[in-house]
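Peer 1: Below is a structure I'd like to ask you about.
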Amino acid sequence: MYETQVSSLLQCSQMCLNQRPQCRSINFEKKNTRSRCQMNNQTRATKADELVLDKVFNYYEPIPVRSTLYSSPSAVNIVFEGIYMVKNVRTKRLMLSPGSTVVKQGSEGGTSLGTRILGSDGHYYNRAFWKILNHGQGRYLFENHETRRYLFSEGDEIPGDRGCEGGAAEAPPCLGSDANYDNRAVWKLVHQGDGKYLIESVGNFRYVLSYGEPPVRNEGGWAGSPKCVMADGNYENRALWERIRNWSIRFRLKIPIHILD
C-alpha cells in the first residue's frame, strides 16, 4: 500500500491508472482540503480476507468498459467500481440477501437452496451490501458482499406487454443464488433519470420489485421483512431503485505489502 494526499477522487484514480499494473485498487478518504489516497497492489478478489469495514475509507477498483467510440476490442475505458446498497424508491427498503454464505459457486447445483431476497429496513450483518460487477455489453451481476450470492430471477418470460399480468400478486420470486444458472443472474440497469433505475432480468425481462411499506421504526432484523419479487411492470414505482455507495459503513483493502513506494 502506498499513501499520498490528493485533491479529489479523480486525482487518486488517475494516479492509480498511471501506476498500472502495480496499482490494482485504491482506498480513498474524502476531506475538505487534502484527501487521502491509498494505492494497493491487490484487489478484493485476490485478497478477499483483507477487505475490512472502515469508518473513513471508500474502496474502489478499476474495471474495463469497452468504448463506444472505437470498434477495436483493445480500445477500453477504465471506470472505478464500488460496493453499494440498493434502496427502493417507493418502500425505502434495502435489498437484502439472507441465507448461508456460498463456499463455492455452483456447489448447490441449482436454485432449490436459494433464499428469497428481502426488502429490509437496515443493512443487518452487511447483507444489504452488493458488488455490481460488469458482465459486458451493458449487463451486470449483483453479488452480495456477505453471502456471496447472486441476485437471481425466477419465472418465465413476460407473456405480453408490460403490465399484462395486472399486478405482482402472482409474480415469481427473486432469489439469492450460488451461481449464474442459465444467465438468470444477469441484469440490465435501465436508467429512469435522477439516479433511479429499473433492474431488469436479461433472462425473462422482469423487474425486481419491492413489496411492503416504508419502515416506521427499527424492525430489529429481517425476520418480518417483505419479499422482493420479479414483476412484469413497475407497479406503483415499486420496481424503481437507487444505488447508495457507503451509506453507513465503508470498506478499505488492508494490504501490508509496500510495492509502490
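Sequential numbering from 8 applies to the sequence shown in my numbering.
Using N, Cα and C, we set each Cβ at its ideal position, and we do this for glycine too.
I need the straight-line Cα distance from R123 to S107, nearest angstrom please.
Peer 2: For the purposes of this step, residue 123 is taken as residue 116 along the sequence shown, with counting starting at 1. For the purposes of this step, residue 107 is taken as residue 100 along the sequence shown, with counting starting at 1. Distance between the alpha carbons of R123 and S107 is about 12 Å.
Peer 1: According to DSSP, which residues form a beta bridge with D56?
Peer 2: As a working note, residue 56 is residue 49 in the sequence shown. Paired residues: none, contrary to the question.
Peer 1: Using the Cα positions of R51 and S32, report the straight-line distance between them to the nearest angstrom.
Peer 2: Residue numbering aside, residue 51 sits at position 44 when the sequence shown is read from its first letter. Residue numbering aside, residue 32 sits at position 25 when the sequence shown is read from its first letter. C-alpha separation (whole angstroms): 9 Å.
Peer 1: Considering only residues of the stretch 171-222, which uninterrupted beta strand (DSSP E) runs meet the minimum length of 3 residues and lie entirely inside it, listed in chain order?
Peer 2: Within the stretch 171-222, the complete beta strand (DSSP E) runs of at least 3 residues are 181-184, 193-200, 203-208, 214-217.
Peer 1: Contact check, N47 vs N34 under 8 Å by CB: the rounded distance?
Peer 2: The residue you call residue 47 lines up with position 40 of the sequence shown. The residue you call residue 34 lines up with position 27 of the sequence shown. Correct: roughly 7 Å between the Cβ atoms.
Peer 1: Using 10 angstroms around the beta-carbon of R27, count the other beta-carbons present and answer buried if the total reaches 16, otherwise exposed.
Peer 2: Here residue 27 corresponds to residue number 20 of the sequence shown, with the count starting at 1. Its Cβ having fewer than 16 others within 10 Å, R27 is exposed.
Peer 1: At the level of alpha carbons, what is the spacing between K138 and T40?
Peer 2: If you number the sequence shown from 1, residue 138 lands on position 131. If you number the sequence shown from 1, residue 40 lands on position 33. Each residue's alpha carbon lies about 29 Å from the other.
Peer 1: Confirm, please, whether the CB-CB distance from Y131 to G228 is below 8 Å.
Peer 2: One-based indexing of the sequence shown puts residue 228 at position 221. One-based indexing of the sequence shown puts residue 131 at position 124. Yes, these two residues count as a Cβ contact at 8 Å.
Peer 1: Helix or strand or just coil, what does DSSP make of R224?
Peer 2: By 1-based counting over the sequence shown, the position of residue 224 is 217. Three-state DSSP puts R224 in coil, outside helix and strand.
Peer 1: What does DSSP give as the partner residue(s) for I165 in the beta ladder?
Peer 2: As a working note, residue 165 is residue 158 in the sequence shown. I165 is not bridged to any residue.
Peer 1: In this structure, what does DSSP give as the bridge partners for N141?
Peer 2: Position 134 of the sequence shown holds residue 141. Y147, per the DSSP bridge assignment.
Peer 1: Could you compute how far the alpha carbon of S119 sits from the alpha carbon of Q199?
Peer 2: The residue you call residue 119 lines up with position 112 of the sequence shown. The residue you call residue 199 lines up with position 192 of the sequence shown. S119 and Q199: Cα-Cα distance of roughly 33 Å.
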